[in-house]
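Numbering (the numbering used here), first residue to last: -6 to 423. Ideal Cβ positions, reconstructed from N, Cα and C, are used throughout, including at glycine. Bear in mind the structure is a predicted one, so any value in this text is a computation, not a measurement. Structure first, commentary second.
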Ligand code: F0G
């Protein structure tokens, strides 16, 4: 038995605690589980200075923007860690984004800087490490694209087979290309993400394949490091708001859990308010937040932001818990708002995939509604790289996205191969 598998798991709904270290994704009551750290044992032993000292270290675990915070991620033998030195992602400030959102104090943490181009690598380094400890030969996930790209890469690193279930024709090409390139056996399901999620759980239960979706509580542990590293980037100053997109809702759940643990250890003095932004066509958490009713899945979820085209999010209770505990909000934005926000993020020279830019569209909308004040400090998470979904970019700039008015189009100019024609095009007379 290794130390990390002896961490307790606790049901978010009925409170049942599991201490046997067995592979388990759900409680007997059917709800999701949290990893429980022994915070009492860590109190007084952990300091922000320790995390800062590790920034200058060349040790492998310290070079990772996840394992640098390892006591709060997964206590384990450092030689067993499956890492690509993920994290260490950039913070951006931009006048394009400040002007667009109406808020000067916006910083964007770009998780697209991760090894496979999305925040999923932070969860996957931990998930793959635990999979290896359990002796898994095959790992599997359902995905709108980024999880599969990340899992395929980390499975290769750990010498495991990767089995990926994706909704047929619904994932962006950059992501599909990664899964194929990294060697994942890729099954295109004639259905949506929610179908793929249901089937992968059935397959894993039947075949003893290790499941690496964010329903796996160890994935969430790694993703907490986004907020640990963000606060470290900000010299441990807590912003007023933390804003991020919501799909399957593992990430917002993770960020809240990480913040709550830092707070309980007295390592931070306040909590940011968490704003989860959903696409209007895939907005079950938004509806649950507005009505106060339990989440009703959205059938046939639809949005151009394919990463968050999810109608039945697995981690909604954990996510809503964080929103409510921090006095946060859930907002929805239209595809047009997402794509025009994306055009600004892209034009700023930062670039991010559509789902990421729900963050910026959401900040703009919440500032407009007076929920976020223009003077507030706001940290937004950009979740994936601009090159994940080139199709969305090309169509936006060609003004060929159905039902979307492109506010900032930049189509290529087609000219004859003569100097005259080129000069006319450059001077704008054609
Ligand atoms: N942004 C991007 C770029 C994503 O890929 C995802 C989720 C999200 C936001 C939403 O995060 O699910 O934790 O609320 N992508 C998953 C996938 C579903 O399969 O790659 P969430």
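Where residue 277 is concerned, the enclosing alpha helix (DSSP H) starts and stops at 277 to 284.
Taking C-beta atoms under 8 Å as the contact rule, residue 338 and residue 375 qualify, at a distance of about 7 Å. Secondary structure at residue 400: coil, using DSSP grouped into helix, strand and coil. The nearest non-hydrogen atom of the ligand F0G is 7 Å or more from the C-beta of residue 35.
By the beta-carbon neighbour count (other beta carbons within 10 angstroms, threshold 16), residue 299 is buried. Judged by beta-carbon spacing, residue 156 lies beyond the 8 Å limit of residue 174, meaning their Cβ atoms are not closer than that value.
Per DSSP, reduced to three states, the secondary structure at residue 377 is strand. In the DSSP annotation of this structure, the continuous segment of the beta strand (DSSP E) that includes residue 271 starts and ends at 266 to 272. Here residue 242 carries a coil assignment [DSSP, helix/strand/coil]. At a Cβ-Cβ threshold of 8 Å, residue 116 and residue 212 count as neighbours. Measuring C-alpha to C-alpha distances from residue 399 to each of 381, 340, 416, 367 identifies 340 as the nearest. In the three-state reduction of the DSSP assignment, residue 370 falls in the coil class, being assigned neither a helical nor a strand state. Distances between the C-beta of residue 113 and the heavy atoms of the ligand F0G include at least one below 7 Å. Burial check for residue 283: the Cβ neighbour count within 10 Å stays below 16, so the residue is exposed. For residue 338, the enclosing alpha helix (DSSP H) has its first and last residue at 328 to 340. Rounded to the nearest whole angstrom, the C-alpha separation of residue 202 and residue 266 is 37 Å. Around the Cβ of residue 335, a 10 Å sphere holds 16 or more other Cβ atoms; the residue is buried. Counted as a single uninterrupted DSSP element, the beta strand (DSSP E) harbouring residue 181 occupies residues 178 to 182. Residue side-chain check: residue 242 places its Cβ nearer than 7 Å to a non-hydrogen atom of the ligand F0G.
In this structure, the C-beta of residue 343 stays at least 7 Å away from each heavy atom of the ligand F0G. At a Cβ-Cβ threshold of 8 Å, residue 41 and residue 258 do not count as neighbours. Here residue 289 has 277, 280, 281 as same chain residues with Cβ atoms under 8 Å from its own Cβ, once five neighbours each way along the sequence are excluded. Taking 7 Å as the cut-off, one finds no heavy atom of the ligand F0G near enough to the beta carbon of residue 267.
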